[in-house]
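See below for the structure under consideration.
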Amino acid sequence: MLASHVVREAWLASLIRTPLLFAGAALTGLLLVLSGQPWQAYGMFSVVYFTAVNLVCWWWLGRRLLAAGRGFRDLLGRFRAADLGWALVWLTVLNVPYYLTVLGSLMLLYPGDFVRGVTEAFTPLVVIDLPGWLAWPYALFSVIVFPLLNAPIEELLYRGYAQEGFEAAGRRRTALFGTSLGFAIQHGFLAGSWRGAVAFIVAFFVWGLGAALVKRRQGRLFPLVIAHFVTNLALSTTPLLMVLGVFG
Numbered sequence: 012m013l014a015s016h017v018v019r020e021a022w023l024a025s026l027i028r029t030p031l032l033f034a035g036a037a038l039t040g041l042l043l044v045l046s047g048q049p050w051q052a053y054g055m056f057s058v059v060y061f062t063a064v065n066l067v068c069w070w071w072l073g074r075r076l077l078a079a080g081r082g083f084r085d086l087l088g089r090f091r092a093a094d095l096g097w098a099l100v101w102l103t104v105l106n107v108p109y110y111l112t113v114l115g116s117l118m119l120l121y122p123g124d125f126v127r128g129v130t131e132a133f134t135p136l137v138v139i140d141l142p143g144w145l146a147w148p149y150a151l152f153s154v155i156v157f158p159l160l161n162a163p164i165e166e167l168l169y170r171g172y173a174q175e176g177f178e179a180a181g182r183r184r185t186a187l188f189g190t191s192l193g194f195a196i197q198h199g200f201l202a203g204s205w206r207g208a209v210a211f212i213v214a215f216f217v218w219g220l221g222a223a224l225v226k227r228r229q230g231r232l233f234p235l236v237i238a239h240f241v242t243n244l245a246l247s248t249t250p251l252l253m254v255l256g257v258f259g
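Residue numbers for the sequence shown follow the numbering used here, so the first one is 12 and each next one is one higher.
Written out as structure tokens, the structure is:
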């Protein structure tokens, strides 16, 4: 396969999620308006359109791998018991700088009003009441289905397919920084304000760069998938907190 084609495929894998998530957020906002709700509440349902994008990316990547005579197992490898231990190590190595970057960015973006910055970044612009029959299933979906699907597909796309593609074409720096940039930009859709989005993008760039370095050093994806899953658990609890009335 030509190096130029490999590089294009790697860039596509790095960036494909951002326009898909934009479309998902816009469609969610439109559906809210049509149902008589404020469009700004789209952030409440981010796990829904993130999951839809995950399914699209799973299909897209599966077709790409099949065309190349490969499968997901070729990228992911086989699970080893030691992966659990390494996942705990990488969870600390990746999340400590991530949270420090988030908090540091919010302090710079919200001078003198840090508490407001944290609130705006981690909660939706508008919170609407959900009927009981929908609230609890949605909350459980957000903390079970979303992280179980999101963690493996993002690692397969960024640290698997894209990073390995760039490295195979000799683009070692792009393998680190290009994949980390694509990984970071998409996470702006999780924030509740534009300044929160900036903080998320910077922080997830740091997380992605750390994960890319880990993948290059260790050569294994499974520990990163586990660490990513645990990280997603912490970031997908907003719907559960809304059901419990934490946000009013």
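The beta-carbon is built from N, C-alpha and C at its ideal position, and this holds for glycine as well.
Checklist line | alpha helix (DSSP H) runs contained entirely in the region 100-153, provided each spans 4 or more residues | finding: List check, alpha helix (DSSP H) in window: 125-133.
Item checked: Beta-carbon proximity check, GLU166 vs VAL236, cutoff 8 Å -> Residue 166 sits at position 155 when you count from the first residue of the sequence shown. Residue 236 sits at position 225 when you count from the first residue of the sequence shown. A contact, by the Cβ cut-off of 8 Å.
Item checked: Euclidean distance between Cα positions of ALA223 and PRO49 -> The sequence position of residue 223 within the sequence shown is 212, counting from 1. The sequence position of residue 49 within the sequence shown is 38, counting from 1. Their Cα atoms are separated by approximately 39 Å.
Check: Which two residues bound the contiguous alpha helix (DSSP H) that contains ILE237?
Finding: The count along the sequence shown starts at 1 and reaches residue 237 at position 226. Run containing ILE237: 233-246, per the alpha helix (DSSP H) assignment.
Next item on the list: Just mark THR185 as buried or exposed, buried being the case when its beta carbon has 16 or more other beta carbons within 10 Å.
Entry: Within the sequence shown, residue 185 is the residue found at index 174, counting from 1. Within 10 angstroms of the beta-carbon of THR185 lie 16 or more other beta-carbons, which makes it buried.
Notebook entry, point to check: Exposed or buried, what is SER15 when buried is set at 16 or more other beta-carbons lying within 10 Å of its beta-carbon?
Noted result: Sequence index remark: in the sequence shown, residue 15 carries index 4 (1-based). When all chains shown are included, SER15 counts as exposed.
Check: With C-beta atoms as the reference, is GLY207 less than 8 Å away from VAL104?
Finding: The sequence position of residue 207 within the sequence shown is 196, counting from 1. The sequence position of residue 104 within the sequence shown is 93, counting from 1. No, the Cβ-Cβ distance between GLY207 and VAL104 is not below 8 Å.
Notebook entry, point to check: Is it true that the region 81-99 meets the region 193-203, where meeting means three or more beta-carbon pairs spaced less than 8 Å apart?
Noted result: no
Next item on the list: Counting only runs of 3+ residues fully inside the region 24-74, write out the beta strand (DSSP E) ranges in chain order.
Entry: none
Checklist line | Close beta carbons around LYS226, own chain, < 7 Å, minus the five adjacent residues each side | finding: As a working note, residue 226 is residue 215 in the sequence shown. Excluding positions up to five away in sequence, the list reads ARG170, GLN174, LEU232 and LEU235.
Check: Assuming VAL59 contacts LEU31 under a Cβ cut-off of 8 Å, what Cβ separation, rounded to an integer in Å, is found between them?
Finding: As a working note, residue 59 is residue 48 in the sequence shown. As a working note, residue 31 is residue 20 in the sequence shown. Not quite, the Cβ-Cβ distance comes to about 13 Å (not below 8 Å), so this is no contact.
Next item on the list: Please go through the same chain and pick out, in chain order, the residues whose beta-carbon is closer than 6 Å to the beta-carbon of GLY176, but skip the five residues on each side of it.
Entry: Locating residue 176 in the sequence shown gives position 165, counting from the first residue. So the list reads VAL17, GLU20 and ALA21, once near-sequence residues are dropped.
Notebook entry, point to check: Roughly how many angstroms separate the alpha carbons of LEU87 and ALA202, rounded to a whole number?
Noted result: To locate residue 87, count along the sequence shown from 1; it is residue 76. To locate residue 202, count along the sequence shown from 1; it is residue 191. Cα-Cα distance, rounded: 29 Å.
Check: What is the rounded straight-line gap between the Cα of VAL209 and the Cα of GLY115?
Finding: Within the sequence shown, numbered from 1, the residue matching residue 209 stands at position 198. Within the sequence shown, numbered from 1, the residue matching residue 115 stands at position 104. Taking the straight line joining both Cα atoms gives about 12 Å.
Item checked: Given LEU187 as reference, the closest of GLY40, VAL217 and TRP101 once Cα atoms are compared -> Position 176 of the sequence shown, counted from the first residue, corresponds to residue 187. Checked all of GLY40, VAL217 and TRP101; the closest Cα to LEU187 is VAL217.
Item checked: Rounded separation between LEU41 and ARG228 - CA only -> Taking the sequence shown and counting its residues from 1, the one referred to as residue 41 is at position 30. Taking the sequence shown and counting its residues from 1, the one referred to as residue 228 is at position 217. Going from the Cα of LEU41 to the Cα of ARG228 covers about 44 Å.
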